[in-house]
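Residues -22 to -1, 1 to 242 (mature numbering (1 follows the signal peptide of the UniProt record, and there is no 0)) are what the sequence shown spells out, left to right.
Take a look at the structure set out below.
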Amino acid sequence: MKKWGLLFLLLLYCAGCSSKQAINVASLPEREVKLAPRTVADDFFPKDVRLLALGDSLTEGVGDQAQKGGYVSRLRQQLLQHKGVQTVSVVNLGKRGLRISQLHPIIANNLDEVRKADLIFITIGGNDIMKIVRSHFFDLSHTLFAKEQKRFAERLDRLLAMIRAVNRDATIILVGLYNPFSSSLPNIPEIDEVIEQWNSGSEAVLAHYDRTIFANVKDLFDGRDDVLYSDQFHPNEVGYELIARRVYEQLKQHEQMWLGRLEE
């Protein structure tokens, strides 16, 4: 009987100790715990990317013997392999023979597509230069090309302003011009100079707008006829593959510009 009494007293003592400990813990002053904010990487959650392609025959894919859709479709395949990209939908509004003055109404008639796009690719200018060559074949001059380049730059500026009025956040990529005659007419360096001047002028216009990239592809075609279609003007499948790779390289270098934007 004594043993049970001692055991009962021991249990009461332990209960009292537990009660005192609980009271002491509850009476401790509160302390503010500051947790450092953590950022989530842009590629943590794969994104759905909407791609809009505008421009001339290069956007349409003329000259692609493999019938794979020129540089646009090849670029789409590369983007699908990019970490952080889940799907890539494409709207291709490319049209053979298009000049920059003819691109404005296409944009105006497809404002909803412009509004929804995350990436907007443009190829334009080759037909503008060819129009000058055909119209002034026997009296070509630097002055003539310089005058037309200024008009081209003004139209490009209006075109970009039209896009930005509808979509302020999309990344705009302008693919530069190349010289298709560098191999067939190597003794006429003036053509090369004209192409460089037009590319420099276009790049300068883009510099006035945020989220823009100029993809220079001229060096990919210099002195090479193995990258041209049989018409010696449009890229062949090899040429389109080179363009797609160059554009993708630019996108990788500026990943935060477009992939980071999709996180917002």
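Using N, Cα and C, we set each Cβ at its ideal position, and we do this for glycine too.
Keep in mind that this is a model prediction, so the values were computed, not measured.
Check, Outcome
"Sequence ranges, alpha helix (DSSP H) only - wholly within the segment 154 to 190, length at least 4", "167 to 184"
"Cβ contact check for the segment 204 to 219 and the segment 35 to 45: 3 or more pairs under 8 Å", "yes"
"Of the listed residues 173, 223, 137, 50, nearest to residue 126 (C-alpha basis)", "173"
"Supposed contact pair residue 103 and residue 123 - C-beta distance, whole angstroms, cut 8 Å", "Their Cβ separation, rounded to whole angstroms, is 12 Å, which puts residue 123 and residue 103 out of contact at 8 Å."
"Every unbroken beta strand (DSSP E) within the segment 66 to 138, with a cutoff of 3 residues, ordered by chain", "97 to 101"
"8 Å contact criterion, which residue 54 and residue 29 should meet: CB distance rounded", "7 Å"
"Proximity of residue 49 and residue 207 at Cβ, strictly below 8 Å", "no"
"Buried versus exposed, by CB contacts within 10 Å (16 or more), residue 65", "exposed"
"The ligand NAD heavy atom lying under 7 Å from the CB of residue 100", "Ligands displayed in this structure: none; no statement on the ligand NAD is therefore possible."
"Residue environment, residue 75, which counts as buried when at least 16 other CB atoms sit within 10 Å", "exposed"
"Rounded separation between residue 253 and residue 34 - CA only", "Since the first residue of the chain shown is -22 and the last is 242, residue 253 is not available in this structure."
"Span of the beta strand (DSSP E) around residue 27", "25 to 33"
"Contacting residues, own chain, Cβ-Cβ under 6 Å from residue 228 (five flanking each side not counted)", "191, 193"
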